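Residue numbers (our numbering): 2 to 573.
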C-alpha cells in the first residue's frame with residue numbers, strides 16, 4: 002500500500018467520526034463488519050425474537066428497537082476514546098480534502114450548523130470547552146463487539162455506543178434479525194449525527210437507540226423534536242447504501258442514481274404532511290409559546306365552558322389522553338372544574354372550530370386562496386397570526402438538505418448480499434468481491450480479521466490513535482504498566498484471529514497476550530519513538546522484547562509466524 006492507502010485502511014481500524022467523513026466508504030464497511038460478526042447472528046436465538054419471522058416488517062423493526070433499547074446505552078463521553086488536535090487531524094486529511102471544506106462541513110473542525118448549534122455553543126454542549134480550542138474528541142465508532150464490551154467498563158451495566166455505532170448496528174440487525182433487504186435501508190450522516198431511513202410503510206427513521214415513524218415525526222412530543230434536530234438543522238453530508246455512497250464534498254457518487262432518487266423521494270414524502278386538526282394540535286404541543294393564543298370549549302352539564310389551551314396541554318403529562326379529536330373529551334373530563342371559565346376567554350382563538358374547518362377545507366400551503374381563508378380563522382389578538390402560520394408550515398414541510406444533484410454518478414460494484422444467505426455465505430461472497438469493491442475490502446479491516454488482512458494498517462492505528470491507554474499509564478513506570486497488563490484476564494473481546502485496539506483493551510480491562518503486547522508497544526512508543534520493539538507470536542504465546550527486557554504472555558489468537566519490528570515502520 003502507498004501512504005494514502007495505508008491512511009485509508011488504518012482508518013477502517015479506528016473508525017473515528019472524522020475518518021468516516023473523509024473516507025465515506027467506511028460507513029458501510031462497518032455495517033458489513035457487523036453483519037459478518039457472529040454476535041448479531043447469535044441474537045436470532047434469543048427468546049425475544051422467537052417467532053419474529055411471522056410478524057410484519059414494521060412489527061419486526063419495533064421488536065428490534067426494544068431489544069436495542071434494553072441492551073445498549075447511548076454514549077458520547079470524552080474519556081472513552083480520548084482527545085486529539087485539529088492540527089494533527091487536518092495534517093492527516095489534507096491529501097484527501099481541502100482544509101476549508103473540512104472546516105466548513107465537519108463539526109469537529111469549526112462547523113456550527115445553523116442558528117440552533119450556535120445558540121447551544123457546540124463546544125460547551127459536548128464538554129470540550131474546558132480544553133484549548135484546537136483540542137477535539139477522538140469519537141470512535143464501535144463494532145458490535147466493542148459496543149457489547151461496554152458492560153465490562155466501570156460505570157456501565159450494559160452495552161453502549163455513539164450515534165454512528167448505533168446506526169450501523171441497526172442496519173446490520175435489520176438485515177440479519179428483521180430480514181429487511183439492504184436495498185431498502187439508507188444511512189444518513191450529518192456533521193453531528195447519524196441516522197437511517199428504512200423503506201417500510203411510510204418510512205422509518207432510526208435515531209440513536211429509538212425509531213421514529215411518520216406519525217411520530219409529526220406528533221409534537223419532546224422526543225420527536227429531539228429526533229428532528231439533525232434533519233432540521235444540519236446538512237446531510239453522506240448517504241450510504243449497498244450500491245455505494247454520495248458525499249456533499251466529493252464530486253463523484255458511487256450510489257446507484259436510480260436508488261438515490263427513490264430514497265430522495267421517499268424521505269421528502271416522510272417529512273411532509275397535510276394539515277389537519279390533529280396536526281394543528283400536535284404543532285401546538287411542540288410550540289408552547291403559541292398555546293396562549295388558543296382556548297378550548299367544552300360542553301358540560303348542558304352548558305359551554307372554556308379553558309386556556311396551555312392548561313389542557315399541561316394535563317397531558319399525567320394522562321393517557323391527548324389534545325386531538327378522538328380523546329379531547331376524555332382529557333377535559335379529567336381537568337378540575339376551577340380551571341374552566343363560563344365565558345369565552347377574550348382575545349383567544351377557539352381551537353375546537355378547526356375540527357369541522359379542516360374536514361370541509363383542503364388547505365394547501367402553495368395555494369394563496371386557501372391560506373387566506375385559514376388566516377381569517379386564525380383571529381389571534383396577540384398579533385401572532387403570521388407566526389402561527391409560518392410555524393405550522395415549517396412543522397408540516399421539512400426540506401432535507403441532501404448531498405446535492407450536481408454529482409457525477411459513476412458505475413460501481415454493488416454489494417448484493419440477500420436475506421436467504423447465511424453468515425458463512427456472506428463472508429465468502431464479500432471475500433470474492435474485495436478486488437473490485439473497496440468497501441467490501443475495507444470491511445475486513447473494520448472486522449479486524451488478521452487471517453485476511455495486512456498488519457501494517459492495524460499497527461499504524463494502534464501506535465498513532467490510541468491516546469487513552471497512553472494517558473492512563475503516564476504516571477506508571479514500564480514495569481508498573483506491565484504489571485497492570487498482567488492483572489487483566491487473558492481474554493479478548495474478539496473471537497479467533499481478530500484483535501482489539503490498545504484503548505479497547507484498556508477500557509474493558511480484557512486482553513489476549515498479543516493485544517496486551519500491542520498496548521504496551523503503544524505506551525513505549527509514546528515515551529520513546531526510537532525504541533525498537535519486537536513482537537513475535539508462537540503456537541500459544543506472544544513475546545515482546547524492547548531494550549534488555551523480554552516479556553512472554555499466553556495468546557490464543559493462532560497467528561503464528563507473524564513478526565513485527567519497531568511498530569509499523571518495519572514489518573517482516
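Ideal Cβ positions, reconstructed from N, Cα and C, are used throughout, including at glycine.
No experiment lies behind these values; they were computed from the predicted model shown.
Length of the line joining the Cα atoms of residue i and residue j
| i | j | result |
| --- | --- | --- |
| residue 183 | residue 257 | 13 Å |
| residue 74 | residue 139 | 19 Å |
| residue 209 | residue 13 | 22 Å |
| residue 503 | residue 523 | 7 Å |
| residue 221 | residue 287 | 5 Å |
| residue 548 | residue 537 | 15 Å |
| residue 79 | residue 467 | 13 Å |
| residue 44 | residue 283 | 37 Å |
| residue 366 | residue 285 | 18 Å |
| residue 225 | residue 399 | 14 Å |
| residue 542 | residue 443 | 28 Å |
| residue 299 | residue 202 | 37 Å |
| residue 505 | residue 151 | 9 Å |
| residue 498 | residue 15 | 18 Å |
| residue 316 | residue 471 | 53 Å |
| residue 540 | residue 557 | 8 Å |
| residue 215 | residue 200 | 12 Å |
| residue 453 | residue 445 | 7 Å |
| residue 307 | residue 388 | 24 Å |
| residue 560 | residue 456 | 11 Å |
| residue 480 | residue 527 | 16 Å |
For residue i, the three-state DSSP class (helix, strand or coil)
| i | result |
| --- | --- |
| residue 173 | helix |
| residue 138 | strand |
| residue 275 | coil |
| residue 448 | coil |
| residue 153 | helix |
| residue 22 | helix |
| residue 116 | Confidence is the limiting factor: at residue 116 the pLDDT is only 46, short of 50, which leaves the residue's position unreliable and the question unanswerable from this model. |
| residue 339 | helix |
| residue 555 | strand |
| residue 188 | strand |
| residue 168 | helix |
| residue 385 | coil |
| residue 544 | strand |
| residue 48 | helix |
| residue 331 | helix |
| residue 409 | strand |
| residue 295 | strand |
| residue 12 | helix |
| residue 253 | strand |
| residue 371 | helix |
| residue 499 | strand |
| residue 241 | strand |
| residue 196 | strand |
| residue 352 | coil |
Within 8 Å, strictly: CB atoms of residue i and residue j
| i | j | result |
| --- | --- | --- |
| residue 146 | residue 38 | yes |
| residue 515 | residue 500 | yes |
| residue 312 | residue 279 | no |
| residue 310 | residue 322 | no |
| residue 173 | residue 76 | no |
| residue 252 | residue 408 | yes |
| residue 171 | residue 144 | no |
| residue 439 | residue 20 | no |
| residue 427 | residue 414 | no |
| residue 179 | residue 65 | yes |
| residue 401 | residue 148 | no |
| residue 33 | residue 403 | no |
| residue 41 | residue 461 | no |
| residue 469 | residue 83 | yes |
| residue 136 | residue 86 | yes |
Closer than 8 Å to chain D by CB, residue i
| i | result |
| --- | --- |
| residue 359 | The chain labelled as chain D is not found in the depicted structure, where only one protein chain is given. |
Beta-ladder partner(s) of residue i, from DSSP
| i | result |
| --- | --- |
| residue 17 | 141 |
| residue 300 | 305 |
| residue 160 | 73 |
| residue 214 | 205 |
| residue 550 | 547 |
| residue 287 | Looking at the DSSP assignment, residue 287 forms no beta bridge with any residue, so it has no partner. |
| residue 398 | 273 |
Counting Cβ pairs closer than 8 Å, one from the segment 279 to 291 and one from the segment 387 to 400, do we hit at least three?
With the rule of 3 Cβ pairs closer than 8 Å, the segment 279 to 291 counts as touching the segment 387 to 400.
Pairing CB atoms from the segment 344 to 353 with CB atoms from the segment 264 to 273, are three or more of them under 8 Å?
Touching, no.
Between the segment 479 to 494 and the segment 508 to 522, do at least 3 Cβ pairs fall closer than 8 Å?
For the pair of segments examined, the segment 479 to 494 was found to touch the segment 508 to 522: the number of CB pairs separated by less than 8 Å reaches three.
Specify whether the segment 51 to 61 and the segment 153 to 167 touch according to this definition: at least 3 beta carbon pairs, one from each stretch, less than 8 Å apart.
By the Cβ test, the segment 51 to 61 is not in contact with the segment 153 to 167, since fewer than three Cβ pairs between them sit closer than 8 Å.
Can we say the segment 230 to 244 touches the segment 188 to 203, given the rule of at least three CB pairs closer than 8 Å?
Yes, the segment 230 to 244 touches the segment 188 to 203.
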